[in-house]
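Quick notes on the structure that follows.
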Amino acid sequence: MGIFGFFNKSKKETLDKGLEKTKQSVFSKLTRAVAGKSKVDDEVLDNLEEILITSDVGVDTTLKIIERIEERVARDKYVSTGELNNILKDEIAALLSENNTQDNDNWELPETGNPYVILVVGVNGVGKTTTIGKLAHQFKQAGKSVYLGAADTFRAAAVEQICIWGERVGVPVVKQQMGSDPASVAFDTLSSAKANGADVVIIDTAGRLHNKIGLMNELKKIKDVMKKVMPEAPNEVLLVLDGSTGQNAFEQAKQFSAVTNITALAITKLDGTAKGGVVIGISDQLKVPVKYIGLGEGMEDLQLFNRKHFVDSLFNE
Ligand SMILES: Nc1nc2c(ncn2[C@@H]2O[C@H](COP(=O)(O)OP(=O)(O)OP(=O)(O)O)[C@@H](O)[C@H]2O)c(=O)[nH]1
Ligand SMILES: [Mg+2]
């Protein structure tokens, strides 16, 4: 492996390109904030605070970042505005690394003797099915055998969509008719995957949140049925969030965590938005780790989230 390890040149390009809109927006605001100023003073810090908040970093995380920069300015006496990008990059990376969760740097999975089961949840349209297709592709590339379960039985088109991904990526999809019981689809998928010695199972679910209780019951039923096949399943409950909705994504994460035990987050659609700063806030504020980020609609446009690479990409000129 080279110095970037898994993070090779093409991945870096995908990340840089995906974060371009956020980056442009942050930089143009920063440039305006320091125009005509040589030194980071209170006014620059005030402007910086506003920039971070309007870039969807979130108020609490912004205040933490500003505090760190204030300390640094007090310590170093004179901090030139030209250094601001680098300081922001360092301080945000340091802040995020204090979070106890770890970044994943490869697609390896824990050895359990059974397939590793990922249950994918999230409200409609956030990118669940697309993320499942991309995950299947990444796991397959890493040499794993993958089974997908079409447990979004709410619409015929949902079953079709995941089958198209299955064909595109070259992995089997277990399905039933539209309208059938999602828990039964999950049961069939886990059973087949186990019988065939698969490495990973990824289960799609419907995004319609009729009400909290309905959702909670449905997810509980799916989980209970999974446990009949493998007591440790699901190994991962992945909540997918649409990054382009900014603070809304944040709210959804809080709401979902309140009704079910979420173990990982995927933040999608970062390529189409200037609100990519939301990843920083979510990664700082929530106990659940951001594991994957979506940077486009293609098969290759999903990456393991790495805090340092993310912040580097955002603040490197
Ligand atoms: N630009 C971009 N588009 C994305 C990304 N992820 C998903 N999409 C698009 O978002 C739209 C919705 O994605 P789906 O995967 O169907 O979302 P879903 O959560 O499964 O939706 P429901 O099944 O209706 O609940 C599709 O047009 C995807 O191509 C991403 O990372 N970037
Ligand atoms: Mg879907």
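Oh and the sequence shown: position 139 is 139 in the UniProt record's numbering, straight run, nothing missing. All C-beta atoms, glycine included, are put in the ideal place defined by N, C-alpha and C.
Assigned exposure category for residue i - 16 Cβ within 10 Å defines buried
| i | result |
| --- | --- |
| residue 31 | exposed |
| residue 204 | buried |
| residue 1 | Unreliable placement is indicated for residue 1, whose pLDDT of 40 sits below 50; the coordinate value is still reported in the next sentence. So residue 1 ends up on the exposed side. |
| residue 3 | Low per-residue confidence applies at residue 3: pLDDT is 46, beneath 50, and the placement is therefore not dependable enough to give any value. |
| residue 188 | buried |
| residue 158 | buried |
| residue 138 | buried |
| residue 177 | exposed |
| residue 307 | buried |
| residue 179 | exposed |
| residue 127 | buried |
| residue 214 | exposed |
| residue 164 | exposed |
| residue 74 | exposed |
| residue 227 | exposed |
Check: residue i C-beta below 7 Å from any heavy atom of ligand 2
| i | result |
| --- | --- |
| residue 158 | yes |
| residue 129 | yes |
| residue 152 | yes |
| residue 138 | no |
| residue 176 | no |
| residue 161 | yes |
| residue 204 | yes |
Bridge partners - residue i, DSSP secondary structure assignment
| i | result |
| --- | --- |
| residue 294 | 302 |
| residue 237 | 119 |
| residue 340 | As shown, the chain starts at 1 and ends at 317. That puts residue 340 outside it, with no answer to give. |
beta-carbon residue i near ligand 1 non-hydrogen atom, thresh 7 Å
| i | result |
| --- | --- |
| residue 237 | no |
| residue 125 | yes |
| residue 317 | no |
| residue 240 | yes |
| residue 17 | no |
| residue 21 | no |
| residue 149 | no |
| residue 297 | yes |
| residue 268 | yes |
| residue 271 | yes |
| residue 214 | no |
| residue 312 | no |
Whether residue i touches residue j by CB criterion (8 Å)
| i | j | result |
| --- | --- | --- |
| residue 51 | residue 33 | yes |
| residue 319 | residue 183 | Here the chain covers residues 1 to 317 and nothing more, so residue 319 does not appear. |
| residue 262 | residue 278 | no |
| residue 121 | residue 219 | yes |
| residue 285 | residue 295 | no |
| residue 258 | residue 236 | no |
| residue 97 | residue 38 | no |
Segments assigned beta strand (DSSP E), at least 3 residues, entirely inside the region 145-189: 146-151
Going along the chain, which unbroken runs of the alpha helix (DSSP H) with 4 or more residues stay wholly within the region 98-153? 128-141
What runs of the alpha helix (DSSP H), each 4 residues or longer, lie entirely inside the region 6-86? 9-18, 20-34, 42-54, 59-76
Quick check on the DSSP output: what are the complete beta strand (DSSP E) runs of length 3 or more inside the region 187-226, in order along the chain? 200-205
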